[in-house]
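In full-length UniProt numbering, the protein residues as written are 1 to 220.
Beta carbons: idealized from backbone N, C-alpha and C, even for Gly.
In this text the structure is predicted, and so the values were computed from the model without any measurement.
See the structure below:
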């Protein structure tokens, strides 16, 4: 019988936070995140590269199944590529809204006021396309891919919001055209497309209400 040798370990470098400080810290984080909204009106003002890179570094710290880290973050700033992406995305979205979307879905998004037009794909100075990396010639078999990538996207949104940037999680249907535009291999599958930038001075968002804690948290 082959003996299983565990991987090398290192000490956990983590300071114990006193309860009072922990409450202050989590309240501060919650207060900041409570102001986060999905934005569709962006300023074309450039965003520092270091902010984007550091936010992606935070996202890449997410836990993943077997530590395979099955994600790829493609950053697009080239105007010509953004223009091409918008044209293809709008063609797919026009087809979706007019032919494929169910009546239930169209009713559900009515308060948000979206349609097939996606000008933010050009206006936002940065587009981040997050891909799921599945097994391929140069990538190992991943585990819990969507769960792992979903956590990473959540950290990315939080990091960008803390930097004062606006974001939107956009999922055109279907999304495979992003492989060609981003020049990615077939084992990488688009998960979400995120316009990133500063909100426009006249940006507006839908007047939505989040569920209270009593409806989303259960003790048992």
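- Remark: C-beta atoms of residue 82 and residue 147 do not approach each other more closely than 8 Å.
- Cβ-Cβ distances below 7 Å link residue 189 to 131, 132 and 134 in the same chain, with the five nearest sequence neighbours on each side left out; the list follows chain order.
- Taking one beta carbon from each stretch, the segment 84 to 95 and the segment 170 to 178 have 3 or more pairs nearer than 8 Å; the two touch.
- The criterion of a C-beta distance shorter than 8 Å is not satisfied by residue 80 and residue 196.
- Around the Cβ of residue 216, a 10 Å sphere holds fewer than 16 other Cβ atoms; the residue is exposed.
- Residue burial is scored here from C-beta neighbours: residue 40 has at least 16 other C-beta atoms within 10 angstroms and is therefore classed as buried.
- Contact between residue 55 and residue 156 is confirmed by a C-beta separation of about 6 Å, below the 8 Å threshold.
- Counting every other CB atom within 10 Å of its CB across the protein chains shown gives residue 211 a total below 16, marking it as exposed.
- Spanning the alpha carbons of residue 165 and residue 37 requires a straight line of approximately 11 Å.
- Taking a 10 Å sphere around the C-beta of residue 201, we find fewer than 16 other C-beta atoms and assign the residue as exposed.
- Beta-bridge partners of residue 199 (DSSP): 42.
- For residue 33, the number of other beta carbons within 10 angstroms of its own is below 16, and it is reported as exposed.
- Within 10 angstroms of the beta-carbon of residue 71 lie 16 or more other beta-carbons, which makes it buried.
- With 16 or more other CB atoms across the displayed protein chains lying within 10 angstroms of its CB, residue 64 is buried.
- When DSSP reads this structure, residue 136 sits in a beta bridge with 139.
- Less than 8 Å separates the beta-carbon of residue 129 from that of residue 76.
- DSSP places residue 208 outside both helix and strand once states are collapsed to three, so it counts as coil.
- Under a 10 Å Cβ-count criterion, residue 52 is classified as buried, with 16 or more other Cβ atoms of the shown protein chains found around its own Cβ.
- Exposure of residue 208 is indicated by the presence of fewer than 16 other C-beta atoms within 10 angstroms of its C-beta.
- Taken through DSSP and simplified to helix, strand or coil, residue 68 comes out as coil.
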